[in-house]
Each structure stands twice: as C-alpha cells, then as structure tokens.
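Data block below; observations after.
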Amino acid sequence: MENVKYMTADEAVKLIESGDHVYIQGSTSTPEVLVEAMARRGHELRDVTVYSAFAVTRGAAPYCKPEFKESFLVDSFFVSNAVRQYIAEGYGTMTPRFLGEVPALFRDGTCRVDVALLNCSMPNDEGYVSFGVSADLATAAAECAKVVIAQINPHMPFSYGDPVIHLSQLSAVVEVDEPLVEVPTAVPTEQEINIGNYIAEYIPDGATLQIGVGGIPNAVIRALENHKHLGLHTEAMTDGVLPLLEKGIIDNSQKKVMPGKSIASLALGSRRLYDYMDYNKDIIFKDVAWTNNPFIIAQNPKVMSINSCLEIDLTGQICADSIGTKIFSSVGGQHDFVYGASQSEGGKSFLAMLSTTNKGVSKIKPILTPGAGVVTTRFQANYIVTEHGIVDLRGKNLAERAKLMISIAAPEFREELSRAAAERFGYAFTRLK
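Here this note's numbering is used: the first residue of the sequence shown is 7, the next is one more, and so on.
What follows is the structure, given as structure tokens:
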C-alpha cells in the first residue's frame with residue numbers, strides 16, 4: 007500500500023531518541039525483533055524509560071543488562087519474567103497501579119508515551135492490522151504515542167474490538183515471521199481439582215466468568231462442563247475456556263454487557279487458542295480500562311471472579327503481588343473484578359490457593375510476611391478456597407474470620423494458627439465453638 011513505511015528493525019528503532027518513554031506490548035506478543043534491535047542501540051541511547059506490563063517472553067529482556075543501566079530505565083506496571091530479576095537487583099522499578107487504571111496515566115500525560123512498539127497481524131483487505139492477543143495497555147499506548155513502530159507478523163491473529171490500527175497510522179513497519187510465545191495449559195493437580203470442584207458448586211448457570219491464569223483456574227473450568235449459559239468477561243483469555251466455548255457452555259446469552267460476545271483484554275495460550283481467535287467475530291478484545299472497569303463489570307448478572315494469590319492472613323488480607331518485600335508480579339485485574347463482582351446482582355468472588363508452599367510452609371498466616379503487599383483488602387474478601395475447603399468471610403467479624411481461615415489451613419498448622427488467633431483476638435476467638 008502507498009505511504010506505508012516498510013523498513014528493517016534496525017532502521018525502525020532509530021526513531022527512538024535518548025530521553026524517550028517507550029511502551030513495549032505485552033501478553034504473549036512482545037515484539038522481540040524490535041526489542042532486540044532497540045537493545046543493540048543501548049550503548050548510544052541514554053535515559054530511555056521502558057514501560058513493560060503483563061507479559062510472557064522467551065527469556066530475560068535483552069535491555070535488562072547492568073551495562074545498560076544508564077540507557078534503559080525499566081518501569082514496570084506488572085513485573086513479568088522478562089524484567090523480574092533485573093528489578094529484584096535494583097536496576098529497574100515498578101509503578102503500583104491497578105492495571106485498568108494505567109491507560110488513564112498514558113492518556114492524561116502522567117506517564118507520557120513517546121514510542122509504542124507493537125506486534126501486529128497481517129493487514130486485512132482495508133489495510134487494518136490487529137495487535138491481536140494484547141489490547142490491554144497497547145490500545146492506549148498506540149493512541150498516545152508520537153511514534154508507533156509495528157512488527158507485521160503472520161503468526162498474530164486478527165482480533166476484533168479495540169486493538170486495530172490502520173497501516174497508514176504506523177510510523178514504521180517491519181515485516182517479521184515470529185511465532186508467538188505459547189503458554190502450555192497448566193494441568194491441575196489433585197489438590198487443585200479439589201479447589202476447582204469447591205468453587206464450581208457455588209457457580210450458578212447463567213453466570214458471567216472472570217477467570218485468572220494457572221492450574222487452579224483451569225481446574226474450575228474443568229468442573230463447569232455441566233453448566234449452562236455461562237458468559238465470559240475477563241482480563242485474560244486462556245486455552246482453558248476453549249472447551250466451554252466449543253461446546254456452547256459459554257454462550258454469553260445472559261450477559262447484559264455485549265451479550266453474545268466473549269470479552270477479554272489479552273490472551274495467552276497455545277497456537278490452538280490463537281487460531282480460534284483469528285477473525286472470530288464472537289470474541290471482542292477491549293482496552294483494559296474498559297474490561298477492568300468495576301462499574302462495567304457489575305452491570306453483568308452473577309459475576310464470578312476467580313483468582314489466585316500467594317498468602318492470606320487470619321483476617322482476610324490477601325497478598326498476590328509480592329513475596330515479602332520482593333515484587334513478584336503486580337495487581338493485574340484482581341481488585342477490579344473482586345469489586346465488580348461484589349456490586350453485581352448475585353455476584354461472588356473467589357480467592358484460591360494451595361494451603362502450603364512447595365516447601366511445606368503455610369500460606370495462611372497469623373500476619374502477612376513483613377513487606378508483603380495487600381492486593382485485596384480484608385474489607386473486600388469474600389470466598390477463600392484451599393484444597394481443604396471453602397469459606398465465606400463476607401459479614402464475618404475478625405474472630406470468626408480467623409476460625410474460618412484456620413479450618414481451611416493445612417491440618418499440621420491449625421494448632422499453631424489457633425494459638426496465634428487466641429493471643430490476638432482473646433475471648434472473642436476462644437468463645438467460638
């Protein structure tokens with residue numbers, strides 16, 4: 007097409023200047039050819055702020071090297087595997103913010119975006135390309151950036167909704183042939199299957215699902231195969247929902263927001279998922295500011311928010327982003343969907359985890375590990391689930407919560423937790439039968 011600026015990756019990244027703020031698309035669609043080319047300029051660039059978010063990459067980012075500490079300042083909104091070690095070593099940092107609120111930071115200039123690096127589909131007949139599996143922050147970044155550089159990639163599915171841009175709006179176009187990262191479907195363990203079964207019993211027909219990522223969410227999905235008329239309004243779409251879509255269990259018939267359509271902001275899974283998405287008009291990808299807006303979420307009936315976490319204290323304070331002071335991930339959409347579910351007619355939220363770590367340490371604690379971040383407050387906690395059971399903290403006082411939490415802890419820790427609860431809450435706890 008006329009006026010389309012095709013060039014090599016090394017030519018394209020010359021549009022990046024020292025002092026720029028660069029957004030790199032996430033999910034499983036990090037434009038790695040462009041990122042590698044940017045890193046090759048590391049010795050000539052200075053003070054380039056690199057925004058990263060939720061992403062699964064093939065390895066550590068090539069710009070995350072101590073030799074580039076004056077070249078690239080990593081500022082992450084969600085600490086992914088690409089930057090986790092670099093941030094842990096103190097070379098980068100993260101900006102605490104609900105993922106759904108990051109687009110507003112771009113749009114109001116609080117976090118300026120000079121350059122956006124995207125990974126896009128092949129153009130359709132009208133010259134539009136899609137950034138496919140990652141609308142999330144990419145939509146706002148592409149809208150706000152002065153320079154938009156895109157890989158055009160035959161492996162990227164064309165998804166409908168917000169992540170669509172015309173070739174003429176791109177500052178530079180680089181043709182690549184780069185398979186997307188694939189995330190194997192986590193096979194649930196027996197313990198995770200127990201958790202999935204507990205949660206599924208509380209999910210009614212006609213519910214609208216938000217499902218996180220990993221073995222526990224997949225266990226929930228597997229337990230829903232006898233349900234009817236489910237809907238999908240989620241942040242992340244994974245392979246786990248494919249059987250429910252293909253069998254018509256998810257038909258989106260009872261949703262109020264975009265009925266008949268499955269809604270997501272990003273996808274991560276296998277090639278099978280990406281192929282299923284490609285030019286599928288029943289799936290709509292939206293800006294994360296929209297998908298994660300609690301007031302939009304709450305318009306759907308029976309919203310079921312299903313997420314995992316790292317540890318919980320006896321009062322229901324939920325940590326999902328850090329291990330002590332070490333930032334492991336970030337908030338993502340957990341808070342938004344917990345709140346949205348609480349405002350939905352018939353809505354429920356579930357926070358699930360195995361009761362112990364792989365080293366045998368209890369994840370239910372008298373108090374959170376010093377430095378741990380509270381992602382979901384005790385004021386918002388609803389259903390808490392481990393392999394030992396499910397409890398509802400809604401409307402329960404602190405002593406009652408402690409008793410309920412102890413009941414789903416690993417049996418070998420219950421006596422120790424009971425002593426801690428008795429010391430903390432006194433007669434209010436010990437009087438409970």
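Quick reminder that beta carbons are idealized off the backbone N, C-alpha and C, glycines included.
- Comparing alpha carbon positions, the residue from 30, 49 and 163 closest to residue 284 is 163.
- Here residue 76 has 52 and 53 as same chain residues with Cβ atoms under 8 Å from its own Cβ, once five neighbours each way along the sequence are excluded.
- By the beta-carbon neighbour count (other beta carbons within 10 angstroms, threshold 16), residue 385 is exposed.
- For residue 335, same chain residues with a beta-carbon under 7 Å away, outside a window of 5 residues either side, are 84, 85 and 327 in chain order.
- Beta-bridge pairing by DSSP links residue 70 to no other residue.
- When C-beta atoms of the segment 179-197 are compared with those of the segment 65-82, fewer than three pairs fall below 8 Å, so the two segments do not count as touching.
- The beta-bridge partner set that DSSP reports for residue 237 consists of 214.
- For the pair residue 63 and residue 81, the CB atoms are not nearer than the 7 Å cut-off.
- Going by DSSP, residue 55 is part of the beta strand (DSSP E) stretching over 54-58.
- Separation of residue 329 and residue 199 (C-alpha to C-alpha, rounded to the nearest whole angstrom) is 25 Å.
- Shown here, residue 44 sits in a helix according to DSSP, grouped into three states.
- For residue 309, the enclosing beta strand (DSSP E) covers residues 309-314.
- With respect to residue 16, residue 45 sits apart: the two C-beta atoms are not nearer than 7 Å.
- Taken atom to atom, the span from the alpha-carbon of residue 388 to that of residue 32 is near 30 Å.
- Separation of residue 74 and residue 241 (C-alpha to C-alpha, rounded to the nearest whole angstrom) is 33 Å.
- Bridge partners of residue 125 according to DSSP: 157.
- Residue 354 sits in a strand when the DSSP states are folded into three classes.
- Bounds of the beta strand (DSSP E) holding residue 389 are 389-392.
- Residue 409 carries a helical assignment under DSSP once its states are collapsed to helix, strand and coil.
- For residue 362, the secondary structure class from DSSP, reduced to helix, strand or coil, is strand.
- Pairing residue 428 with residue 89, the inter-Cα distance amounts to about 42 Å.
- For residue 232, the closest of 243, 60, 307 and 206 by C-alpha to C-alpha distance is 206.
- Residue 35 sits away from residue 130, with the two beta carbons spaced by 7 Å or more.
- Of the candidates 306, 435, 201 and 98, the residue whose Cα lies closest to the Cα of residue 313 is 201.
- In this structure, residue 141 places its C-beta atom within 7 Å of the C-beta atom of residue 169.
- Straight across, the Cα-Cα distance linking residue 94 with residue 331 is about 10 Å.
- Following the DSSP letters along the chain, one finds residue 106 in no beta strand (DSSP E), marked with neither H nor E.
- Cα atoms of residue 374 and residue 364: separation of roughly 18 Å, rounded to the nearest angstrom.
- Contact annotation: the segment 404-421 does not touch the segment 339-356, with fewer than three C-beta pairs closer than 8 Å.
- By the neighbour-count criterion, in which a residue is buried when 16 or more other Cβ atoms sit within 10 angstroms of its Cβ, residue 38 is buried.
- The segment 114-125 makes contact with the segment 144-154: 3 or more CB pairs, one atom from each, lie closer than 8 Å.
- Note on the segment 243-315: whole beta strand (DSSP E) runs with a minimum of 3 residues are 268-270, 289-291 and 309-314, in chain order.
- In the three-state reduction of the DSSP assignment, residue 61 falls in the strand class.
- Residue 244 is not a Cβ neighbour of residue 324, given a cutoff of 7 Å.
- Nearest Cα to residue 115 within the set 425, 418 and 146: 146.
- For residue 343, the uninterrupted alpha helix (DSSP H) segment begins and ends at 340-349.
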